[in-house]
Amino acid sequence: MNLSLHGNRVSTVALPIPGPGRGSARRVTFIGGEMTLAIRTVLCDLLGIEYPIIQGGMAWVATGELAAAVSEAGGLGMIGAGNAPPEVVRKEVHKARSLTSKPFGVNVYFMSPYTEQVIDMLVEEKVPVVSTGAGNPGKYVPRLKEAGAKVMSLVASVNLAKRLERAGVDILVAEGMECGGHIGEIATMPLVPQIVDAVGIPVVAAGGIYDGRGLVAALALGAVGVQMGTRFVCAKECTVHPNYKRAIIEARDRSTVVTGRPTGHPVRVIENKLARQFLELERKGASKEELEALGVGKLRAAVVDGDVEYGSVMAGQVSAMVKKEETCREIIEDVMNGAERVLARLSEIRAGSPVFR
Ligand SMILES: Cc1cc2nc3c(=O)[nH]c(=O)nc-3n(C[C@H](O)[C@H](O)[C@H](O)COP(=O)(O)O)c2cc1C
Numbered sequence: 322m323n324l325s326l327h328g329n330r331v332s333t334v335a336l337p338i339p340g341p342g343r344g345s346a347r348r349v350t351f352i353g354g355e356m357t358l359a360i361r362t363v364l365c366d367l368l369g370i371e372y373p374i375i376q377g378g379m380a381w382v383a384t385g386e387l388a389a390a391v392s393e394a395g396g397l398g399m400i401g402a403g404n405a406p407p408e409v410v411r412k413e414v415h416k417a418r419s420l421t422s423k424p425f426g427v428n429v430y431f432m433s434p435y436t437e438q439v440i441d442m443l444v445e446e447k448v449p450v451v452s453t454g455a456g457n458p459g460k461y462v463p464r465l466k467e468a469g470a471k472v473m474s475l476v477a478s479v480n481l482a483k484r485l486e487r488a489g490v491d492i493l494v495a496e497g498m499e500c501g502g503h504i505g506e507i508a509t510m511p512l513v514p515q516i517v518d519a520v521g522i523p524v525v526a527a528g529g530i531y532d533g534r535g536l537v538a539a540l541a542l543g544a545v546g547v548q549m550g551t552r553f554v555c556a557k558e559c560t561v562h563p564n565y566k567r568a569i570i571e572a573r574d575r576s577t578v579v580t581g582r583p584t585g586h587p588v589r590v591i592e593n594k595l596a597r598q599f600l601e602l603e604r605k606g607a608s609k610e611e612l613e614a615l616g617v618g619k620l621r622a623a624v625v626d627g628d629v630e631y632g633s634v635m636a637g638q639v640s641a642m643v644k645k646e647e648t649c650r651e652i653i654e655d656v657m658n659g660a661e662r663v664l665a666r667l668s669e670i671r672a673g674s675p676v677f678r
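Okay, structure coming up:
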């Protein structure tokens, strides 16, 4: 990040900040001064992207179309492989390639029965970035790197972060339990700095990040960028059922709940009839098998069929902040411009001006 101030005091009023897509180093004239803003981190160089924003790979949700739109807007788009067989994922890779020439990635979910075959396909297709969730990708790392991929792994604990650094992954995504979908038990604010302090490779922050305030907070914690999921579910280019988007847009601060803790696979979802059914069964001490059977096919039911009462509406705590559908470009523009306003405000505070909103 490069923030240099020229001239006198700066003001945050009426910032003529140009949007992304016009170069990441921007000169902005403020009352009484001029400032060069360029929120560019090592993540941008590592991944060949313009802005340090990754759209998380989300099972059923993150298609080639969504990934390409994010990459076209200057971030890193990710396809979510979920439990899909390799040929289905390959089609999404081809779709993304037909829509963008910029780098994009695929998230491999390690609880999928097709993990091995999906990795083979990604090696064959020379996908530039591979992220991994729900497991240890250690044995696949050398092959993926030989094929030219950058390997990025989601972690929710310091121990796993250290193990994966030793396994040779390039980037860690420290994901706090505010996020949508499968979660760990530590929140983003304490998790990110602990992982940053424990490893020597770049760390991206995920979980609970919605706008420029979240990006600057993540950078302050030592991260080199952010991964966002929930806000991108409501992107115009995201093909989830409109009911799914509406459930997020109508969500309030306490609308999400966590199911699955007793089975060791906690998941954050928007509370609905299915979630209440889960929580009731969990309270009654239902068996792991019974609980797992209740979850089968439920994400698909919500994403594809729009059943937001008996389907699993995975979404994070930032749902309450998502107010409308936007294009991926608008989302990225909002995050970057918001971050610049926050930095300008922080400079004011640093310069001794009284704190104001
Ligand atoms: C609907 C949904 C599905 C997700 N599926 C996956 C997945 O398949 N693999 C994975 O590693 N992360 C998955 N995630 C996590 C996201 O990739 C991302 O890290 C997370 O959403 C970031 O936090 P946020 O929801 O607060 O923005 C999912 C998240 C959501 C909301």
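Counting in our numbering, the sequence shown runs from 322 upward without gaps.
Every residue gets a Cβ at the ideal spot worked out from N, C-alpha and C, and that includes glycine.
Keep in mind that this is a model prediction, so the values were computed, not measured.
| query | result |
| --- | --- |
| Which listed residue (Thr421, Gly528 and Ala495) has its alpha carbon closest to that of Ala519 | Ala495 |
| CB-CB length for Val524 against Leu493, believed under 8 Å | 5 Å |
| Proximity winner among Ile652, Gly497, Gly396 and Ile440, relative to Ile507 (alpha-carbon distances) | Gly497 |
| Unbroken stretches of the beta strand (DSSP E), 3 residues or longer, contained in the stretch 499 to 573 | 524 to 527 and 547 to 549 |
| Whole alpha helix (DSSP H) elements within the stretch 347 to 416, 4-residue minimum | 363 to 368 and 385 to 393 |
| Pick from Ala394, Gln438 and Ile440 that is closest to Glu558, judged by C-alpha positions | Ala394 |
| Closest residue to Leu667 among Glu386, Asn564, Arg650 and Ala538 (Cα-Cα distance) | Ala538 |
| Beta-bridge partners of Gly436, as assigned by DSSP | The residue you asked about is not Gly; residue 436 is Thr in the sequence shown. Paired residue(s): none; Thr436 is not in a bridge. |
| Glu654 classed as buried or exposed, judged by whether at least 16 other C-beta atoms fall within 10 angstroms | buried |
| Span of the alpha helix (DSSP H), counted from its first residue to its last, around Val679 | The requested residue 679 is not part of the displayed model; the chain covers only 322 to 678. |
| Sub-7 Å separation of Gly501 and Met642 beta-carbons | no |
| C-beta contact flag for Ser392 and Lys412 at 7 Å | no |
| Where Val578 falls: helix, strand or coil (DSSP) | strand |
| Run of the alpha helix (DSSP H) containing Val462, from where it starts to where it stops | Val462 to Glu467 |
| Proximity of Lys460 and Asp491 at Cβ, strictly below 7 Å | no |
| Same chain, Cβ closer than 8 Å to Gly529, neighbours up to 5 away in sequence not counted | Gly497, Glu499, Cys500, Ala508, Thr509, Gly535, Gly637, Gln638 and Val639 |
| Segment contact, 8 Å Cβ cut-off, at least three pairs: the stretch 571 to 581 with the stretch 593 to 606 | yes |
| Check: Met549 C-beta below 6 Å from any heavy atom of ligand 1 | yes |
| Proximal residues to Ile522 (C-beta, below 8 Å), its chain only, five neighbours per side dropped | Glu486, Val490, Asp491, Ile492 and Leu493 |
| Close Cβ partners of Asp441 (< 8 Å) along its chain, the five nearest in sequence each way excluded | Pro407 |
| Spatial distance of Glu592 from Ala672 (CA atoms) | 45 Å |
| Spatially closest choice to Ile516 from Asp532, Gly533, Leu542 and Ile504, by CA coordinates | Leu542 |
| For Gly489, three-class secondary structure by DSSP | coil |
| Distance, Pro587 Cα to Val291 Cα | Because the chain spans 322 through 678 in this model, residue 291 falls outside it and cannot be assessed. |
| Residue range of the unbroken beta strand (DSSP E) whose run includes Lys594 | Taken as a continuous stretch (DSSP letters only), Lys594 belongs to no beta strand (DSSP E), being part of the alpha helix (DSSP H) at Lys594 to Arg604. |
| Sequence-distant residues of the same chain with beta carbon closer than 7 Å to Val427, five excluded per side | Gly378, Met399, Ile400, Ala402, Val410, Val414, Leu443, Val448 and Val451 |
| Cα-Cα separation, Tyr435 to Ala405 | 7 Å |
| Heavy atom of ligand 1 within 6 Å of Glu689 beta-carbon | An answer regarding residue 689 cannot be provided, because it is not within the stretch 322 to 678 covered by the chain. |
| Straight-line Cα distance separating Arg589 from His503 | 6 Å |
| Residues bridged to Lys471 (per DSSP) | Val450 |
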